[in-house]
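S.K.: This is the structure I want to talk about, given as structure tokens.
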Amino acid sequence: MADSLDRILDQWRAERPDLDASPMGVVGRIQRASRLLERGLSEHFATRGLQTWEFDLLATLLRSGPPYRLTAGDLAATSMITSGAITNRIDRLEARSLVSRETDPTNRRSVLVTLTDRGREVVDQAMADHVANEARLIGALRPDEQEQLAGLLRTMLTALGDTPTDARPGRSAQSAPEGA
Numbered sequence: 767m768a769d770s771l772d773r774i775l776d777q778w779r780a781e782r783p784d785l786d787a788s789p790m791g792v793v794g795r796i797q798r799a800s801r802l803l804e805r806g807l808s809e810h811f812a813t814r815g816l817q818t819w820e821f822d823l824l825a826t827l828l829r830s831g832p833p834y835r836l837t838a839g840d841l842a843a844t845s846m847i848t849s850g851a852i853t854n855r856i857d858r859l860e861a862r863s864l865v866s867r868e869t870d871p872t873n874r875r876s877v878l879v880t881l882t883d884r885g886r887e888v889v890d891q892a893m894a895d896h897v898a899n900e901a902r903l904i905g906a907l908r909p910d911e912q913e914q915l916a917g918l919l920r921t922m923l924t925a926l927g928d929t930p931t932d933a934r935p936g937r938s939a940q941s942a943p944e945g946a
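Take any residue in the sequence shown, note its place counting from 1, add 766, and you have its number in this note's numbering.
This is how it looks when you write it as structure tokens:
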């Protein structure tokens, strides 16, 4: 079965037969899959009154474990967004009573962001549906194909420099792809 990249590659083979455009097939498919997956995630979260970034930050706090608290800097690092953007996002989540924020008593230059009971309830309820939605989105692949693809993507990502960060000393890696 052909996809839209097959047509593009055929066009390049006709126009520039001297070039091996096959890398475009891999990169183009990853980009297209990313956009389609992002749309599927966004549509799903919208049914829960959430935006993808809101779920991502709430889930990051939840998976950090009790007391479900990280510094704003740790949240920014795990989300790969700027400190200005994280401040804006924390403001919006705090306005919805999904997180609270306080100055770190051990470092007055740092802000601690804590998942509220309401925030934990929202992310807990969304989590099972989120995993089911992701399973649906990759359902065209058999489980062994999903595992193989995950391994191939892991190899590529680590070669590109995507390695886990540890948001809190003594904790396992906190970094995760969006939506995880």
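For every residue, glycine included, the Cβ atom is placed at its ideal position computed from N, Cα and C. Small disclaimer: the values here were computed from a predicted structure and weren't measured.
1. Per DSSP, which residues does residue 877 bridge with? Please list them.
2. For residue 882, which residues of its own chain have a beta-carbon under 8 Å away from its beta-carbon, when the five flanking residues on both sides are left out?
3. Let me check one thing: in DSSP terms, what residues is residue 837 bridge-paired to?
4. Over what stretch of residues does the alpha helix (DSSP H) that includes residue 850 continue unbroken?
5. First and last residue of the alpha helix (DSSP H) that includes residue 891?
6. Since residue 806 and residue 774 should fall inside the 8 Å C-beta cutoff, what is the C-beta to C-beta distance between them, to a whole number of angstroms?
7. Does residue 923 pass the burial test, meaning 16 or more other C-beta atoms within 10 Å, or should it be called exposed?
8. Closest by CA to residue 853, which one among 828, 781 and 877?
9. In this structure, does DSSP put residue 817 in helix, strand or coil?
10. Give the single residue among 896, 840, 912 and 879 whose Cα lies nearest to the Cα of residue 833.
11. Tell me the rounded alpha-carbon separation between residue 940 and residue 826.
M.R.: The structure says:
1. In the sequence shown, residue 877 corresponds to position 111, counting from 1. According to DSSP, which records beta bridges pairwise, residue 877 is partnered with 869.
2. Here residue 882 refers to the residue found at position 116 when the sequence shown is read from its first residue. Around residue 882, the same chain offers 863, 864, 865 and 866 as residues with beta carbons nearer than 8 Å, after the five sequence neighbours per side are excluded.
3. Along the sequence shown, read from residue 1 onward, the residue named residue 837 stands at position 71. By DSSP's assignment, residue 837 forms a beta bridge with 878.
4. Here residue 850 refers to the residue found at position 84 of the sequence shown. Unbroken alpha helix (DSSP H) run through residue 850: 849-861.
5. The count along the sequence shown starts at 1 and reaches residue 891 at position 125. 883-903 is the span of the alpha helix (DSSP H), which, as asked, contains residue 891.
6. Along the sequence shown, one-based indexing puts residue 806 at 40. Along the sequence shown, one-based indexing puts residue 774 at 8. At roughly 23 Å, the Cβ-Cβ gap does not stay under 8 Å, so residue 806 and residue 774 are not in contact.
7. Start at 1 with the first residue of the sequence shown, and residue 923 comes out as number 157. Its Cβ having fewer than 16 others within 10 Å, residue 923 is exposed.
8. Against the sequence shown, residue 853 aligns to sequence position 87. Here the closest residue by C-alpha is 877.
9. Within the sequence shown, residue 817 is the residue found at index 51, counting from 1. In the structure shown, residue 817 falls within a coil segment according to DSSP collapsed to helix, strand and coil.
10. For the purposes of this step, residue 833 is taken as the residue at position 67 of the sequence shown. Of the candidates 896, 840, 912 and 879, the one whose C-alpha sits nearest the C-alpha of residue 833 is 879.
11. As a working mapping, residue 940 is identified with position 174 in the sequence shown. As a working mapping, residue 826 is identified with position 60 in the sequence shown. Below a pLDDT of 50, predicted positions are generally treated as unreliable, and residue 940, at 40, falls in that range; the measurement from the model is reported next regardless. Taking the CA atoms as reference points, residue 940 sits about 7 Å from residue 826.
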